[in-house]
Structure formats: C-alpha cells, structure tokens
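These notes are about the structure you will find just below.
2 protein chains.
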Amino acid sequence: MVEAPVKNPLLSTSREDYLADIYRIQAAGQNVNTGEVAQRLGVSAASTSAMFKRLAQEGLVHYESYSGVWLTKEGERAASRIVRRHRVIERFLTDILGIGWDRVDGFANLMEHALPDEVLEAIERLLGDPDTCPHGYPIPNRSGETAAPAGHSAEMLAAGERAVIRRVDESDPGLLRHLRERGLVPGTRIRVQELNPIDGTRTLSAGERTLVVGQRIVRALFVDRVVDDA
Amino acid sequence: MVEAPVKNPLLSTSREDYLADIYRIQAAGQNVNTGEVAQRLGVSAASTSAMFKRLAQEGLVHYESYSGVWLTKEGERAASRIVRRHRVIERFLTDILGIGWDRVDGFANLMEHALPDEVLEAIERLLGDPDTCPHGYPIPNRSGETAAPAGHSAEMLAAGERAVIRRVDESDPGLLRHLRERGLVPGTRIRVQELNPIDGTRTLSAGERTLVVGQRIVRALFVDRVVDDA
DNA sequence: CAGATGAGTTAGACACACCTAACTCACTGC
DNA sequence: GCAGTGAGTTAGGTGTGTCTAACTCATCTG
C-alpha cells in the first residue's frame, strides 16, 4: 500500500505534520527548536531530532544541531501547501458543513493529508476563494505565498480606542468556544471602554454587547485599530 | 505520530483498504482469495497473506489457509463503515464539487481513511442522505446494513424490452467516461430496439438518443425492467 | 494416480516512525 | 571560569507493512 501521496513532492503524513508545524512556529516569528515541535506534535524529542535530520537531508530545512531548524525555500513551498489545505478545510467545515470553529482544527489535522489538489481547488471555488481560515489566519495561495497574519495584539489598545477583530488565537478549543459565545470573532468591532490597570481586565463593547474580559482573552485577540467610526 | 484513527475500532489505513476490498469482492458474490486481493490492491501475494493472518487474529475475517477469507460479523461492520465513507465521498465529489464520476473513485480511495464520523454525517445531511454512490451502488447505513445492489445485467434484456439503468460497473474510468457521454447513467430509461445475434451488439434508445453498443457496455449496465411505459 | 503447474505461504530483509535510556552539549549562576 | 542543569542527540529496540526468494500445497492433466 503506497503512502497516500496527495501529489507532487510525495511527503509522508509525518513529514507533512512536522513541516506544517515548523511553518506555523516560524510564521509566529519564533525559533524552531526540538522541544517545541516535540511538545506540539505529541512526540518525543528523540523522534523530532531524527526527523529534523531527515528533513535536512532532503533539503526541506536547514538544521543547526543543538540549535534548531528553519525552512528552506523548498521546505516553505511544501509546508505552505499543507497549511493551505488545512485552512481551506477548516473554512469548508465551518461554512459549508456548519461544524463549530472549536472543532475544525482537529478534523483538519486528519483530513489535510488526504486532499487531492483537484478537490482542494473545487472546494476553494465553492467557498468563493476565501483569504483566511475561520480564525482569521491567512490561506497561502497556489504559489505558496502567504499574506502577513492580520492584526496586532488587542493588549495594546488604550481605553477609548476602537478596533476590528481580524484574527484570534486558535490553539485552545475551550477558549474558542468562549470567544464565540461572546461574539468575539473576526469581523466584530470592539471598543475598549475601560482598562483596569490593577488586574488587566478590560470592559469591552463588542457589537451590541458589553463584556468584561481578562488578560487571557485579550491576548487571544488580534485587531486593527479603527479611527473614524461609521 | 499516531496513525490517523477516524474513530472507533482504530484500524490502520492498510487494514481499511484490505477490509473494504474484501467487502466489495464478497458483495459481488465471489470468493476472496489471496491473489485477487493482492492484484486489486497492487501489493504482493506475500503481503496479502500476512495481512489475512493479522485480520484473522483480530477477529475481522475467517481465514482458511490456501483457500481464502470471508468477513466475520465484526469485520463486516468495520468494512461497511469504510465503504460507506467511500460512497458518500464519491457523491459529495460529484454532486457538490462537480467532479467527473470517472475520477471520484480514486479520490475517494485517498480520502476515505481520514474522514471523521462527524464530518461524514454532516456531508450526508448536506447531500440529503443519498442511498447510492454516483454509480448506483448502495451506501451502507449507520448500522452497517447495506441494501442489495440494484438491478440485473442488461444482457438479459430481450429485443423490445424497456428498463431503467440502476447501476453501472465502476471499475474502469475510461468506460465510465464512455457511458457518461452516451447518457448511460443511473436513472436513464432505455429500450432494446434490436439485438444482433451474431456479435451481441444492441441498438438502444436511451433517453432521447439512439445508439449502438457492444457487449462490453451492455455488461457494464445493471437495470430494472419496466413493463408499462409512462 | 503421479507429476507438473500455479497459487499460496513462509522466511528473511528493509524502510519508516516511533519509543526509552544513556550520553553530550551549551548556557547560567556562583 | 567551572559546575550543574536542562535541552538535544545518539544508541538501541519495537511495530507495521512492504518486498523478493524459496518452499509447499492443491489441483489438473496425461
């Protein structure tokens, strides 16, 4: 049984998982080291070390022993294809199938390894060529180019300032449910009404509502400031 | 990296491929032997023999050395879940994404191993709970029950008889394209106008058209006779 | 009914990706 | 600047699924 080759550079499921994860860590501006990847993928450091070596041998990453890896041009192209599949699948699951945005990441992790290019593109057309996943992260285009992640941390909003949510931290399903229940989703306009300097809580107006949110939530929101209010 | 477990009885991709194939051979009323499965899955007889042993050990098939296998109740349940996923995916690809019915089998073979139950059921709802795949084969239900494949070979139609196509042989993409071009798809009403006793060709009316078809095509069609013509 | 033939099985190896345990490196703090 | 510590690597082993080559069984034919 041949390992499911979606197309082109015939990567194993494991390689795809590692590459996509390296890509995401890099996109967040962090160094990619063994422990981080091991922890995120739920494997041992030894396995990760071994895979780094393999990926380096294949020209997909640069590997500096005891320091970490970063993607080569080729690795970046490969990784972006996987991330692209992942985020398109997420959109499909939420927009077409109505599955909650807190579950789609896990499902997409399974499905992203077995989606032929032609099916991917048909789904994209059906969705109207979306620019982002449901959480606001950019979908790489066919050529592997990815827009910069939209928004800046909502922590830097001062009292009185208005903004639009562009993107939210997608790593914790519980947090995502929490955000959804409060209407804190990409596209929502918010205004910081009060900022409590002691504990960092904010009183926000979000759409029609007013809510008090703690640091954890504020840090999960990435926004663009809005100057003139329509 | 854990092998993608869609749910429940955590079967590897390979096991799923073997089980589904055994299921299909059995559903066609044939004995399931090593060579047949090996050839259909594109693996060696040795690999197939080894897998038969493993599946037997796990209680998924009965295995008679040098003779063949047949599914146990449990194996049948497992296999029907995979076939169900396969056929629902095919319907999704044709009906929602507009992909040609000659390509969807290959795509479904990849995708069927990585479709969580919840996503499967959402797709089924979206499709309106279809009974068959695009080629007319029955979709097993949630409980693993499968209707008998509809239709009987069109070969037994006598000159003058009318029938409705219920199902077509799905094994050859080229043949499927051929059938599609001639409108010979499930639901089409046909009538045998002439039957050439020398070479077995038939002159058919199919929908609006009249066509002459050879044995190969006739054998690929499974029909139900229609007595009264509306 | 005996031997040839072909299908099926067993033996032995390999690749992949994982693990734990032991070792090694690099940096931090005294 | 050297020891301790924690992160990273290497060593060695396991399970799965594949292969080829060699053997064995069952059946068909003369």
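Here the protein sequences line up with chains L and A, keeping their order.
Quick note on our numbering: the first sequence kicks off at 7 and runs consecutively.
Quick note on our numbering: the second sequence kicks off at 7 and runs consecutively.
Just so it is clear, CB atoms sit at the ideal spot from N, CA and C, and this is done for glycine as well.
Predicted model, so just to flag it, every value in this text is computed and none were measured.
Residue i versus residue j: straight-line alpha-carbon distance, rounded
i: L/Leu126; j: A/Ser73; result: 43 Å
i: L/Ile129; j: A/Leu217; result: 36 Å
i: A/Tyr143; j: L/Val110; result: 30 Å
i: A/Pro122; j: A/Gly166; result: 48 Å
i: L/Leu16; j: L/Arg148; result: 17 Å
i: L/Arg131; j: A/His92; result: 23 Å
i: L/Arg197; j: L/Val174; result: 16 Å
i: L/Ile204; j: L/Val224; result: 15 Å
i: A/Glu80; j: A/Thr40; result: 20 Å
i: A/Leu77; j: A/Tyr69; result: 9 Å
i: A/Gly157; j: A/Arg172; result: 6 Å
i: L/Ser55; j: L/Leu25; result: 13 Å
i: L/Glu200; j: L/Pro179; result: 27 Å
i: L/Gly65; j: L/Leu116; result: 25 Å
i: A/Ser86; j: L/Arg97; result: 29 Å
i: L/Leu163; j: L/Asn202; result: 12 Å
i: A/Arg222; j: A/Arg183; result: 14 Å
i: L/Met7; j: L/Thr194; result: Unreliable positioning characterises L/Met7 in this predicted model, as indicated by a pLDDT of 48, which lies under 50. The coordinate reading is nonetheless provided below. Whole-angstrom Cα-Cα distance: 48 Å.
i: A/Pro140; j: A/Leu133; result: 12 Å
i: A/Asp230; j: L/Gly48; result: 54 Å
i: A/Ala62; j: A/Ser71; result: 11 Å
i: L/Arg208; j: L/Ala33; result: 28 Å
i: L/Asp135; j: A/Ser53; result: 43 Å
Helix, strand or coil at residue i [DSSP, three-state]
i: A/Ala165; result: coil
i: L/Glu200; result: strand
i: A/Ile145; result: coil
i: A/Val224; result: helix
i: A/Val233; result: coil
i: L/Thr209; result: strand
i: L/Glu9; result: Per-residue confidence for L/Glu9 stands at a pLDDT of 41, beneath the threshold of 50, marking its modelled position as unreliable; the derived number appears in the next sentence. Three-state DSSP puts L/Glu9 in coil, outside helix and strand.
i: L/Arg60; result: helix
i: L/Ser18; result: coil
i: L/Leu217; result: strand
i: L/Ser55; result: helix
i: A/His184; result: helix
i: L/Val125; result: helix
i: A/Thr40; result: helix
i: L/Arg238; result: Residue 238 of chain L lies beyond the range of chain L shown here (7 to 236); nothing can be said about it.
i: A/Arg195; result: strand
Any C-beta of chain L under 8 Å from that of residue i
i: A/Leu99; result: yes
i: A/His251; result: A question about residue 251 of chain A goes unanswered here, because the residues of chain A that appear run from 7 up to 236.
i: A/Thr58; result: Thr is not the amino acid found at residue 58 of chain A; the sequence shown has Phe there. False, the Cβ-Cβ gap to chain L never drops below 8 Å.
i: A/Pro122; result: yes
i: A/Leu61; result: no
i: A/Leu116; result: yes
Neighbour flag for residue i against chain A, beta carbons, 8 Å
i: L/Leu181; result: no
i: L/Val125; result: yes
i: L/Gly81; result: no
i: L/Gly104; result: yes
i: L/Ile129; result: yes
i: L/Ile132; result: For the record, residue 132 of chain L in the displayed sequence is Leu; it is not Ile. Taking Cβ atoms only, chain A reaches closer than 8 Å to L/Leu132, which makes this a yes.
i: L/Leu66; result: no
i: L/Phe113; result: yes
i: L/Ala10; result: Low per-residue confidence applies at L/Ala10: pLDDT is 41, beneath 50, and the placement is therefore not dependable, though the value from the model is reported in the following sentence. Yes, its Cβ sits closer than 8 Å to a Cβ of chain A.
beta-carbon residue i near the ligand PLP non-hydrogen atom, thresh 7 Å
i: L/Arg231; result: With respect to small molecules bound, the structure shown includes none, and the ligand PLP cannot be examined in it.
8 Å contact criterion, which residue i and residue j should meet: CB distance rounded
i: A/Gly220; j: A/Gly189; result: 17 Å between Cβ atoms; not a contact.
i: L/Arg83; j: L/Gly150; result: 4 Å
i: L/Ala114; j: L/Leu99; result: 7 Å
i: A/Val228; j: A/Ala160; result: According to the sequence displayed, residue 228 of chain A carries Phe and not Val. That belief holds up - the Cβ atoms of A/Phe228 and A/Ala160 are roughly 7 Å apart, short of 8 Å.
i: A/Ile28; j: A/Val75; result: 6 Å
i: A/Val191; j: A/Ile145; result: In fact, because the Cβ distance is near 17 Å, the residues do not count as touching under 8 Å.
i: A/Ala120; j: L/His119; result: 6 Å
i: A/Glu22; j: A/Ile31; result: Actually they do not touch by this definition, with Cβ atoms about 15 Å apart.
i: A/Val232; j: A/Arg168; result: 4 Å
Requested in this report: Give, in chain order, every unbroken run of the alpha helix (DSSP H) that is at least 4 residues long and sits entirely within the stretch 64–106 of chain A.
Outcome: Complete alpha helix (DSSP H) runs here, min 4: 79–97.
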